[in-house]
Amino acid sequence: MFGLFKRKEINIINKEELIETLTQILELLRDNGFTPQANAIRKPLQYLYNDDKEKFVKHLLTVDIWGGSGSAWEVYGFKSRKVEKEFEKSFIKLAELMKQTGIKSRKAESVAGFFKRDIEK
Numbered sequence: 008m009f010g011l012f013k014r015k016e017i018n019i020i021n022k023e024e025l026i027e028t029l030t031q032i033l034e035l036l037r038d039n040g041f042t043p044q045a046n047a048i049r050k051p052l053q054y055l056y057n058d059d060k061e062k063f064v065k066h067l068l069t070v071d072i073w074g075g076s077g078s079a080w081e082v083y084g085f086k087s088r089k090v091e092k093e094f095e096k097s098f099i100k101l102a103e104l105m106k107q108t109g110i111k112s113r114k115a116e117s118v119a120g121f122f123k124r125d126i127e128k
C-alpha cells in the first residue's frame with residue numbers, strides 16, 4: 008500500500024542527448040533575444056552537467072519552462088519560420104528524451120503534440 012505513491016526511479020540513460028537538446032534550446036532562445044527563458048533552460052542544464060539528478064528534474068519541470076505566457080516553450084517572434092521550426096523540433100525531442108528517462112510530464116507531452124501539429128501545417 009505504501010508503494011502507491013513511490014516515485015519511479017529516474018534513470019538518465021540519454022544524458023548526452025539531453026545536454027545537446029537543452030543546449031540547442033538555450034542557444035535558440037538566447038540568439039533570438041529571449042534571455043529570461045534561456046536562463047530557465049540553463050538551470051536544469053547545469054544540474055545535468057553536475058550529475059545532480061534530483062535538482063535537474065526539479066528545475067526541468069518548472070513553470071518557467073512548461074508554464075503559460077512567458078515560459079520557455081511559449082515564446083513568439085523568432086527571426087524566421089525556419090528557426091521557429093527548429094525550436095519546436097527541439098522541444099519535441101526534449102519531451103521524447105524525458106519520456107525515455109522516466110520523467111513524466113503531461114505538459115511536456117501536450118507541448119510536443121502542439122508543436123508537431125504546428126510543424127505539419
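Counting in our numbering, the sequence shown runs from 8 upward without gaps.
Every residue gets a Cβ at the ideal spot worked out from N, C-alpha and C, and that includes glycine.
Owing to the predicted nature of the structure, the values given are computational and were not obtained by experimental measurement.
As assigned by DSSP and simplified to three states, the class of residue i
i: residue 85; result: coil
i: residue 99; result: helix
i: residue 112; result: coil
i: residue 120; result: helix
i: residue 48; result: helix
i: residue 69; result: coil
i: residue 41; result: coil
i: residue 128; result: coil
Cut-off 6 Å between Cβ atoms - residues of its own chain near residue i, not counting five sequence neighbours on either side
i: residue 79; result: 44, 47, 48 and 72
i: residue 101; result: 28
i: residue 35; result: 94
Sequence-distant residues of its chain with Cβ nearer than 7 Å to residue i (five each side left out)
i: residue 63; result: 51, 54 and 55
i: residue 122; result: 95, 98 and 99
i: residue 193; result: Coverage of the chain is limited to positions 8 through 128, which leaves residue 193 absent and any answer about it impossible.
i: residue 85; result: 39, 91 and 94
i: residue 125; result: 95
Exposure of residue i, with buried meaning 16 or more beta-carbon neighbours within 10 Å
i: residue 99; result: buried
i: residue 108; result: buried
i: residue 127; result: exposed
i: residue 4; result: There is no way to answer for residue 4, as the model of the chain reaches only from 8 to 128.
i: residue 16; result: exposed
i: residue 91; result: buried
Supposed close pair residue i, residue j - CB separation, criterion 8 Å
i: residue 104; j: residue 24; result: 6 Å
i: residue 82; j: residue 41; result: 5 Å
i: residue 60; j: residue 26; result: Not really, about 14 Å apart at Cβ, beyond 8 Å.
Neighbourhood of residue i by C-beta, 8 Å cutoff - its chain only, sequence neighbours within 5 removed
i: residue 118; result: 73, 80, 98 and 102
i: residue 37; result: 45
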